[in-house]
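Number of protein chains: 2
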Amino acid sequence: MPSDSVAAPLLALGERAKSASRVLASSSTAQRNAALLAAAEGLDSCRDELLAANGEDLARATAEGADGTSLDRLRLDAKRVASMAQGLRNVAALADPVGEVADGWVRPNGLAVRRTRVPLGVVGIIYENRPNVTSDAGGLCLKSGNAVMLRGSSSAISSNLVVARVLREGLASAGLPADAVALVEDTSRASAVAFMQLEGIIDCLIPRGGPSLIASIAEHATVPYVLDGAGNCHVYVDASADLDMAEAIVVNAKTQRPGVCNAAETLLVHEAVADAFLPRLAVSLAEVALVADERSHPMLLAAGHGNLSPADDEAFATEFLGLTLAVGVVDDLGSAIDHIARYSSGHSEAIVTSDVAAADRFVKEVDAAAVLVNASTRFIDGEELGLGAEIGISTQKLHARGPMGLTQLTTLKWIVTGNGQVRT
Amino acid sequence: MPSDSVAAPLLALGERAKSASRVLASSSTAQRNAALLAAAEGLDSCRDELLAANGEDLARATAEGADGTSLDRLRLDAKRVASMAQGLRNVAALADPVGEVADGWVRPNGLAVRRTRVPLGVVGIIYENRPNVTSDAGGLCLKSGNAVMLRGSSSAISSNLVVARVLREGLASAGLPADAVALVEDTSRASAVAFMQLEGIIDCLIPRGGPSLIASIAEHATVPYVLDGAGNCHVYVDASADLDMAEAIVVNAKTQRPGVCNAAETLLVHEAVADAFLPRLAVSLAEVALVADERSHPMLLAAGHGNLSPADDEAFATEFLGLTLAVGVVDDLGSAIDHIARYSSGHSEAIVTSDVAAADRFVKEVDAAAVLVNASTRFIDGEELGLGAEIGISTQKLHARGPMGLTQLTTLKWIVTGNGQVRT
Chain A
142 MPSDSVAAPL LALGERAKSA SRVLASSSTA QRNAALLAAA EGLDSCRDEL LAANGEDLAR
202 ATAEGADGTS LDRLRLDAKR VASMAQGLRN VAALADPVGE VADGWVRPNG LAVRRTRVPL
262 GVVGIIYENR PNVTSDAGGL CLKSGNAVML RGSSSAISSN LVVARVLREG LASAGLPADA
322 VALVEDTSRA SAVAFMQLEG IIDCLIPRGG PSLIASIAEH ATVPYVLDGA GNCHVYVDAS
382 ADLDMAEAIV VNAKTQRPGV CNAAETLLVH EAVADAFLPR LAVSLAEVAL VADERSHPML
442 LAAGHGNLSP ADDEAFATEF LGLTLAVGVV DDLGSAIDHI ARYSSGHSEA IVTSDVAAAD
502 RFVKEVDAAA VLVNASTRFI DGEELGLGAE IGISTQKLHA RGPMGLTQLT TLKWIVTGNG
562 QVRT
Chain B
142 MPSDSVAAPL LALGERAKSA SRVLASSSTA QRNAALLAAA EGLDSCRDEL LAANGEDLAR
202 ATAEGADGTS LDRLRLDAKR VASMAQGLRN VAALADPVGE VADGWVRPNG LAVRRTRVPL
262 GVVGIIYENR PNVTSDAGGL CLKSGNAVML RGSSSAISSN LVVARVLREG LASAGLPADA
322 VALVEDTSRA SAVAFMQLEG IIDCLIPRGG PSLIASIAEH ATVPYVLDGA GNCHVYVDAS
382 ADLDMAEAIV VNAKTQRPGV CNAAETLLVH EAVADAFLPR LAVSLAEVAL VADERSHPML
442 LAAGHGNLSP ADDEAFATEF LGLTLAVGVV DDLGSAIDHI ARYSSGHSEA IVTSDVAAAD
502 RFVKEVDAAA VLVNASTRFI DGEELGLGAE IGISTQKLHA RGPMGLTQLT TLKWIVTGNG
562 QVRT
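In order, the protein sequences belong to chains A and B.
Quick note on numbering: the numbering used here labels position 268 of the first sequence as 409, and the sequence is numbered without any gaps.
Quick note on numbering: the numbering used here labels position 89 of the second sequence as 230, and the sequence is numbered without any gaps.
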């Protein structure tokens with residue numbers, strides 16, 4: 142339980158955000174777009190100030206011994222700032238989900254029933270050191286009529302202060318309450334825990350970060366949350382697969398951007414095509430470390446792959462997030478589905494097949510946020526699938542599953558209109 | 142943390158349910174309906190056995206000193222058993238949400254994207270002593286293609302064992318795995334906690350019970366859950382209200398069934414009509430204890446109401462669940478909305494008005510699962526609104542808000558179909 146000295150200022154900030162959220166919920170699309178466009182202008186016009194603030198963050202991180210990867214995540218440059226501004230303009234151009242009537246009907250007693258999309262209220266974002274999350278997530282929340290509380294890492298605090306101020310100025314210039322963007326300036330660990338426990342304030346908490354952040358949410362959060370989970374994604378090459386297509390998909394799913402959640406981590410090959418397919422992969426994935434089961438190992442070895450190791454249970458359960466791929470040969474489609482049921486994290490699972498019945502069975506029986514037929518797992522992403530932008534990819538089943546766009550930042554309100562009906 | 146001796150049998154039961162859930166997810170609507178109809182027959186044909194088991198439960202509860210209300214909840218009779226059977230037949234007759242395509246589109250690169258409704262997997266129900274929840278909730282879960290784990294109270298265990306066996310026999314007779322219905326026989330408190338922590342097994346936990354159960358879920362649950370929350374519901378009588386209509390609605394919302402969540406707990410009256418309206422209510426709510434603020438109190442007193450007390454902050458925050466109503470006079474619509482924002486539990490809020498602008502503002506600005514215009518709050522109920530049946534009424538904003546029917550027992554799966562697309 143965080144102490145009052147940590148929790149009290151957070152609560153005060155949250156109450157102002159809650160109050161602002163009521164104004165946002167009743168604001169027009171045009172007003173919210175004007176705020177986003179003004180913030181985009183603001184980012185462009187205070188670029189030098191932002192880069193200077195980011196320079197302070199980088200200097201502090203360097204002094205504290207941050208590694209190259211985390212410095213790169215933290216670093217802004219003119220191009221990245223322009224891209225943050227463009228991101229806000231892109232979000233302004235998206236359709237507004239607020240006010241959409243999801244469905245409606247009239248009851249026999251004359252009551253008219255509608256369910257309408259409304260903002261969640263206050264969205265909390267807790268994230269690590271990328272300063273662009275401040276504008277990206279902030280923009281999506283505002284567009285969908287929500288107030289947003291942003292709790293970034295201490296390493297990015299100077300940059301985040303500038304970006305949050307620009308978002309607040311954008312709101313004010315559009316006649317909306319600046320308090321709809323609330324940056325938490327206390328970046329202590331105790332404040333992170335208090336943030337996850339802002340009951341009655343945060344309507345939906347969304348973490349953007351690695352496994353330790355996710356674990357901390359599971360342990361401490363008492364507010365409702367949506368998790369952006371791990372991706373232990375499989376590509377299954379069926380007996381009837383077009384092997385050229387399968388090769389292109391496997392190579393793309395593994396190597397096009399191996400560090401992200403929708404990259405493939407395991408290849409499963411039907412035994413009928415293993416002989417023909419694995420030697421091709423041994424060549425096209427020459428740069429990839431292959432962790433192979435006892436059936437695939439000898440085939441890959443015979444084909445001359447130079448970076449082989451034996452697969453065990455743990456290998457099949459691992460999200461490598463790098464140039465490593467687990468490989469297994471399976472007896473049939475059913476065995477592939479069983480393997481996936483055992484090891485999948487429920488993110489994205491692909492089959493390559495020219496057999497419609499096999500595709501249908503895979504689609505029906507594999508339990509994941511997304512299943513793909515004859516396409517790379519790398520497409521499971523809000524922008525690639527047409528949501529315009531995404532605030533994360535959920536591997537949970539409640540509220541939002543798969544890529545989350547603006548609609549997933551809303552909820553439904555039942556609106557029942559009568560002319561004096563009472564219940565008998 | 143529950144001990145292994147408590148958790149291990151639960152986990153084994155859960156794993157069988159999980160495995161059965163995969164079969165249910167691929168089963169046909171016809172098969173699931175056949176299981177429900179067979180279970181309905183089963184309830185009818187083993188009615189005497191069920192009543193005998195219920196007699197054991199009642200005798201035990203009586204010996205333990207249970208009060209009249211809880212004995213009434215526990216008690217089955219021929220009519221209640223017939224109604225449980227009919228409930229299963231009604232659910233069988235409802236449309237099946239599983240397999241519905243929620244939306245779909247084709248991307249410029251040719252990828253076809255669909256989002257399809259699929260079962261959640263394993264739904265956990267934790268409930269108190271009503272044995273009919275076993276068949277009602279079980280039926281809804283099975284209809285929507287889910288396996289269900291049922292954890293009722295110790296007081297109803299003999300009845301629940303018979304009902305669960307009948308559901309399992311219904312599944313088996315339709316060629317579906319009996320393990321899709323799993324009754325937890327250990328009704329200790331430690332087992333309830335272990336049940337709430339069946340991570341990787343329970344995809345959605347739904348509590349059916351009072352505030353202490355809800356508090357226990359908030360404290361202990363580590364699996365995803367949907368809360369059926371409290372209803373501190375308001376009726377606001379606007380300046381332009383038809384006062385005959387307003388009177389009928391207030392009386393209905395308060396007295397038709399005062400012990401349920403969608404009953405009204407507070408009446409707010411616009412000052413312009415308080416003089417005219419409150420004396421009428423003093424008569425029509427003569428049997429109701431009125432807890433009145435300082436503006437309404439003298440008017441009700443002058444009108445001769447005999448059971449008046451002064452309202453404080455706590456009164457306006459109370460869900461009385463009985464024949465008590467808090468009453469307040471407000472300056473205008475805005476004050477009513479502010480009052481509701483302060484005290485509402487986000488369940489159901491009604492306005493009585495003949496002013497379209499006032500209705501629109503109320504609908505837009507009041508943040509609740511349901512808002513009603515010129516109708517009794519008592520209509521916020523799955524059956525009344527046309528869902529066919531409900532498994533609860535959610536006051537949370539994520540996943541499900543308001544009455545939850547079969548659709549809220551499903552989630553979406555993204556299905557992406559291509560012809561070899563890779564990401565560049």
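Just so it is clear, CB atoms sit at the ideal spot from N, CA and C, and this is done for glycine as well.
These figures come from a predicted structure and were not determined experimentally.
Around the beta carbon of G228 (chain B), 16 or more other beta carbons lie within 10 angstroms, which makes this residue buried. Against chain A, a Cβ distance below 7 Å from V325 (chain B) picks out nothing, because the smallest value is about 22 Å. Taking a cut-off of 8 Å on C-beta distances, the segment 461-468 of chain A does not touch the segment 501-521 of chain A, as fewer than three cross pairs fall below it.
Look at the segment 174-252 of chain B and you find these whole runs of beta strand (DSSP E), each 3 residues long or longer: 242-247.
Between the C-alpha atoms of S224 (chain B) and L178 (chain B) there is a straight-line separation of about 13 Å. By DSSP's assignment, Y377 (chain B) forms a beta bridge with B:L409, B:I492. For the options B:S489, B:A319, B:C345, B:Y268, the alpha carbon positioned closest to that of A333 (chain B) is the one of B:Y268. Here G311 (chain A) has A176, L177, A179, A180, G183 as same chain residues with Cβ atoms under 7 Å from its own Cβ, once five neighbours each way along the sequence are excluded. Residues are counted here when their Cβ sits less than 9 Å from a Cβ of chain A; for the segment 281-300 of chain B the count is zero. Contact between S285 (chain B) and T551 (chain B) holds: CB atoms are separated by about 6 Å, below the 8 Å threshold. From the beta-carbon of P365 (chain B), the residues of chain A found nearer than 8 Å are Q537, K538, L539. Cβ-Cβ distances below 8 Å link I298 (chain A) to D198, E326, T328 in the same chain, with the five nearest sequence neighbours on each side left out; the list follows chain order.
The C-beta distance from S495 (chain A) to S381 (chain A) rounds to 5 Å, short enough to meet the 8 Å contact threshold. Within the same chain, Cβ atoms closer than 7 Å to the Cβ of H480 (chain A) are found at L409, G469, V471, the five residues on either side in sequence being excluded.
Listed in chain order, the non-local C-beta contacts of G350 (chain A) below 7 Å within the same chain comprise Y268, E269, local neighbours out to five positions each way being set aside.
At least 7 Å separates the beta-carbon of A452 (chain B) from that of G487 (chain B). The bridge partners DSSP lists for T257 (chain A) are A:V242, A:K554. Less than 7 Å separates the beta-carbon of V378 (chain A) from that of A387 (chain A).
In the DSSP annotation of this structure, G293 (chain B) is not part of any beta strand (DSSP E), being labelled neither H nor E. Along the segment 231-257 of chain A, going in chain order, the ones with a CB nearer than 7 Å to a CB of chain B are W246, R248, L252, V254. Partner residues in a beta bridge of D453 (chain B), as assigned by DSSP, do not exist. Residues of the segment 146-179 of chain B with a Cβ closer than 8 Å to any Cβ of chain A, in chain order: R163, A166, S167.
The alpha-carbon separation between D213 (chain B) and A202 (chain B) amounts to approximately 11 Å. Contact of T328 (chain B) with chain A is not assigned, every C-beta pair being separated by 7 Å or more. In this structure, the beta-carbon distance from R248 (chain B) to S517 (chain A) does not fall below 7 Å. Distance between A161 (chain B) and I521 (chain A), taken at the CA atoms: about 28 Å. Each residue's CA atom was taken as its position, placing S294 (chain B) and L215 (chain B) some 10 Å apart.
The C-beta of V304 (chain B) comes no closer than 7 Å to any C-beta of chain A.
Residues of the segment 386-398 of chain B with a Cβ closer than 7 Å to any Cβ of chain A, in chain order: M386, A389, I390, N393, Q397. Sequence-distant Cβ neighbours of V264 (chain A) in its own chain, meaning closer than 6 Å and more than five residues away, are C282, N287, V289, C345.
Interface residue (Cβ-Cβ distance to chain A less than 7 Å): Q562 (chain B) is classified as such.
The beta carbon of I481 (chain A) does not come within 7 Å of any beta carbon belonging to chain B, so the residue lies off that interface.
Residue state for P544 (chain A) is assigned as strand, using DSSP reduced to three classes.
V263 (chain A) is outside the set of residues whose beta carbon lies under 7 Å from a beta carbon in chain B. Here N373 (chain A) is buried, its C-beta having at least 16 other C-beta atoms within 10 Å. Proximity of chain A to G533 (chain B) at the Cβ level (cut-off 7 Å) is not reached, the minimal Cβ distance being about 14 Å.
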